[in-house]
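Quick mapping for you: the protein sequence lines, in order, are chains H and L.
In terms of this note's numbering, the first sequence opens at residue 12 and continues consecutively.
In terms of this note's numbering, the second sequence opens at residue 2 and continues consecutively.
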Amino acid sequence: MGKTVLVVDDDPDVRLFSVTVLEEHGYAPLEAANGEEGLKMIKENKPDLIILDVLMPRQSGIRLYRELKTDKSLKNIPVIILSGIAKKTFLRSQKALTEFGGKEVPEPKIYLEKPVEPEVLAEVIEKALS
Amino acid sequence: MKIEKLLFVTKFEELGFDAVRSLLSLTKADLNHVVFINVIERDRFAMSRVGYRKDEEIRLREAANIRFIDWSENLFEQGLEVGVYIVVGTLVSEVIKAAQKEETDLIVIGRSHKGVLEHLYSGSDVTELLRRAATPVLLYKHLSETAISIEKPFDRPLLAIDWSPASLRAVEYLKGLGDVVSEVSLVHVASEKDLKGTSAMEIQKTRKETRQKLEEICTLFETEGIDARAHVYIGDPDDEIEKAARDCQATMIVLGSSAKSAWVEKWLGSTPRKYAEESIYPTLLIPPEKK
């Protein structure tokens, strides 16, 4: 069985795309449709990698990322952000939340802006897991 | 009652980011989460003979997505939490569903753009929403529709009190917004038949008693650090509340929404519905507590 990769995205087409890429490369994909569901699945399954969208209902990727990186048992799980939201915005948002009294969190390992080619996604997944 | 999370309903043509921006003063109180929803109604892409046009649905979804990404980036950078729903369905049902799923404290929606006939036979989306929502609803009026500035709609609300449970609930709602509201004007509109008695003394006594009751509510606001003034108007509430809003330079009208049945609402109308649909002022409707 390949390494488990959790895809957290509210767009079913994007989930299907990512899951197809993962399966083709021998990974075991898991899916969640929003940040809240994603966090629950991360705690239950401890995946090897998370592919995370930013703009989602219930809980955004910004808050989920912050929760992961401030949780001792989850902070080492690598995260690829795959979003239509610009990296600059993601970083500014994290900075603003830190200024409001939150903990400082590291930058995500890999940040990809949607859309992304399948071979590029496959390549960064391999890189993130190596 | 706090406004921590609001649901902003837009079809883009009636409410834009300027309206979102004007609500950001609520972050001084408790607002920390904005959820956007765009409902694509099926008649936008359903064709009677050909059937369903998937390509048109995709185009509409992506157009909405592009706008929401831009709006969301702005809010994320201010440290706010943002969520988005782009759904195909019926406006009111999808809004109610999203409000329940997200447990929002306020729904913000623009004025209905239905035609006169459609309005007469099916009622407006707004009326339907007011009837079904358990959450307060803010009817936002587009800047181009109004002659008043709505840069800070919560700054000087006018609260119309009719002593109904919903209007008293509105008092509680506004009391929690001390950091956003600078002054509340409390108005009670007495109808001419309420002015019992034939002498001036008796009529003045009625006015004095009403005013005293309003002053008690003013005290409640003042203990929360919000200036409040009491006003008694005489006449038809359907006209007098708007006049009072103008006299007080209010930035918004707040009303307890009616608990009348759908049938009564449709045929006899109601003051909250009238203001929601016709007033030039942003109108906040507070529903009665659901039992």
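Positions of the beta carbon are idealized from the N, C-alpha and C atoms, including for glycine.
* To do: List the whole-angstrom C-beta distance separating L:Ser73 from H:Ile92, where the pair is believed to meet the contact cut-off of C-beta under 8 Å.
  => Rounded, the Cβ-Cβ distance is 14 Å, inconsistent with contact.
* **Test: L:Ile204 CB closer than 7 Å to a CB of chain H** => no
* Close Cβ partners of H:Glu137 (< 6 Å) along its chain, the five nearest in sequence each way excluded -> none
* To do: Starting from the Cα of L:Leu8, find the closest Cα among L:Glu57, L:Leu76 and L:Phe37 and give me that residue.
  => L:Phe37
* **Backbone CA spacing between L:Leu221 and L:Glu104 [nearest angstrom]** => 28 Å
* **Cβ-based burial, H:Lys99 [other Cβ within 10 Å; buried from 16]** => exposed
* How long is the line joining the alpha carbons of L:Pro137 and H:Asp24, rounded to whole angstroms? -> 34 Å
* List, in order along the chain, the chain H residues whose C-beta lies closer than 7 Å to that of L:Ser73? -> Leu66 and Ile96
* Considering only residues of the same chain and omitting the five flanking positions on each side of L:Glu293, which have a CB-CB separation below 6 Å? -> Residue 293 of chain L is absent from the structure shown; chain L starts at 2 and stops at 292.
* To do: Determine contact between the region 226 to 246 of chain L and the region 183 to 195 of chain L, defined as no fewer than three beta-carbon pairs at a distance below 8 Å.
  => yes
* Tell me the DSSP bridge mates of L:Asp228? -> L:Glu184
* Is the Cβ-Cβ distance between L:Pro154 and L:Val185 less than 7 Å? -> no
* Between the C-alpha atoms of L:Asp239 and L:Lys275, what's the straight-line distance to the nearest angstrom? -> 7 Å
* Asked: Where does H:Pro129 land, buried or exposed, given buried means 16+ other C-beta within 10 angstroms?
  -> exposed
* Asked: Residues in its own chain within less than 7 Å of H:Leu85 by CB, not counting five upstream and five downstream?
  -> Ile53 and Leu79
* For H:Ile92, the three-state DSSP class (helix, strand or coil) -> strand
* Asked: What residues from the region 98 to 115 of chain H come within 8 Å of chain L, judged by C-beta to C-beta, listed N to C?
  -> Thr100, Phe101, Arg103, Ser104, Ala107, Leu108, Glu110 and Phe111
* Asked: Taking buried to mean at least 16 other C-beta atoms within 10 Å of its own C-beta, is H:Pro117 buried or exposed?
  -> exposed
* Rounded Cβ spacing between L:Leu139 and L:Leu107 (contact assumed at less than 8 Å) -> 6 Å
* Asked: Closer than 7 Å, CB to CB, is H:Ser71 near chain L or not?
  -> yes
* Along the beta strand (DSSP E) that carries L:Tyr86, what are the first and last residues, could you check? => Glu82 to Val89
* Run through DSSP, which three-state label would H:Gly13 get? -> coil
* Report yes or no: is there a C-beta of chain L within less than 7 Å of the C-beta of H:Arg26? => no
* Using a C-beta cutoff of 7 Å, does H:Arg74 count as contacting chain L? -> yes
* Asked: Which of helix, strand or coil does DSSP assign to L:Lys6?
  -> strand
* **Residue span of the alpha helix (DSSP H) that contains L:Tyr276, given as start and end** => Thr272 to Glu279
* Extent of the continuous alpha helix (DSSP H) to which H:Tyr38 belongs -> From DSSP, H:Tyr38 is part of no alpha helix (DSSP H); its letter is neither H nor E.
* Give me the Cα-Cα distance between L:Glu278 and H:Ile61, rounded to the nearest whole angstrom. => 47 Å
* For the candidate residues L:Tyr141, L:Phe77 and L:Ile41, whose alpha-carbon lies nearest to that of H:Lys106? -> L:Phe77
* Asked: Once you ignore the five residues that flank L:Gly84 on each side, which residues in its own chain have a CB closer than 6 Å to its CB?
  -> Val36
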